[in-house]
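Enquirer:
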Amino acid sequence: MDDMAEQLTERLASDLDDGFTELVRVHASAVRAFLFRVSGSAAEADDLGQDTFLRAYSALQTYSPERRRKLKPRAWLMTIAANVWRNHVRTSVRHPVSATRAEDACGSWPDESPGPEERAATSADRTVLVKALTELPEKHRVAVVMRHVIGMSYSDMAEAQGCPVGTVKAQVSRGIGTLREILTPEAAVLGEVTR
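The sequence shown begins at 553 in my numbering and counts up one residue at a time.
1) Could you tell me whether the stretch 600-614 touches the stretch 564-579, where touching means 3 or more Cβ pairs closer than 8 Å?
2) Just verifying my parser: in three-state terms, what is the DSSP assignment at L606?
3) What does the alpha-carbon distance come out to for the pair R621 and I702?
4) Three or more beta-carbon pairs under 8 Å between the stretch 588-598 and the stretch 553-562, yes or no?
5) Quick check on DSSP: helix, strand or coil for A689?
6) Mind checking whether I728 and V696 have CB atoms under 8 Å apart?
7) Quick one: Cα of D567 to Cα of E596, how far?
8) Beta-carbon separation of G601 and V583 under 8 Å?
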C-alpha cells in the first residue's frame, strides 16, 4: 500500500468523519469516471456515485478501526461502485444509450486520467467511444473501464471483482477485442483503442 493510501486508512481508523471526507476528496472523480463509462450517462453516474459513497460510509461505520486500517480504499470503492451499478441495472428497465444522450454526457470528461478519451480528438469520436463501451457485455465493460479508464492494477481489479487475476485479464482482453470490432471502420478514425 502506498503512503497516501496508508495515511487515508489511518485517518479512517482514527476519525471516521474526517477520514471519509478525505476518502471522497481523493476518490470521487475515479468513482464518477467509472460509473459514467459503464452507464453512459452523466446524471446516472452522479446518482450512482452518491449511492456508492452512502453505502461506503454505512459500511465503514460497522468496521472496526483495525479493519479500516487494512482497507485498500480504491479497490474497495470500485467494488462498491460496480455493485451499485449492477444493482441499478437489475432493478431498472435498461434502455440503450442513444447517441444524443451520449453526446450530452460527453461535453466534459470528469477526470484527467489517461484513457480512451485521450485518443478521441473530437466530441464525435468520444461519442462513438462512449456508445461502443455501452455495447460491451457488463463484465467486459467493467473490466475495460477499471483497467483503461480508472487505471487499476489487475490485482486490485481481481480483488474488486472477487475473481482470479487471469479472469480479469481475459475480461479486459475480450472487452478490448469487442471494442475493436464495434469501432471498425470507426477504428481508423480513432486509432487503436488501447495497447
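From the three backbone atoms N, C-alpha and C, an ideal C-beta is built for every residue, glycine too. No experiment lies behind these values; they were computed from the predicted model shown.
Expert: On the basis of the data shown:
1) These segments touch.
2) Stepping through the sequence shown from its first residue, residue 606 is reached at position 54. It is helical.
3) Taking the first residue of the sequence shown as position 1, residue 621 is located at position 69. Taking the first residue of the sequence shown as position 1, residue 702 is located at position 150. Rounded to the nearest whole angstrom, the C-alpha separation of R621 and I702 is 23 Å.
4) No: fewer than three Cβ pairs fall under 8 Å.
5) For the purposes of this step, residue 689 is identified with residue 137 of the sequence shown, where counting begins at 1. Here residue 689 turns out to be Pro, not Ala, going by the sequence shown. P689 falls in the coil class under three-state DSSP.
6) Numbered from 1 along the sequence shown, position 176 holds the residue referred to as residue 728. Numbered from 1 along the sequence shown, position 144 holds the residue referred to as residue 696. Cβ atoms of I728 and V696: closer than 8 Å.
7) Here residue 567 refers to the residue found at position 15 when the sequence shown is read from its first residue. Here residue 596 refers to the residue found at position 44 when the sequence shown is read from its first residue. A straight line joining the alpha-carbon of D567 with that of E596 spans about 31 Å.
8) On the sequence shown, position 49 is the one that residue 601 refers to. On the sequence shown, position 31 is the one that residue 583 refers to. Yes, the pair counts as a contact, with Cβ atoms nearer than the cut-off.
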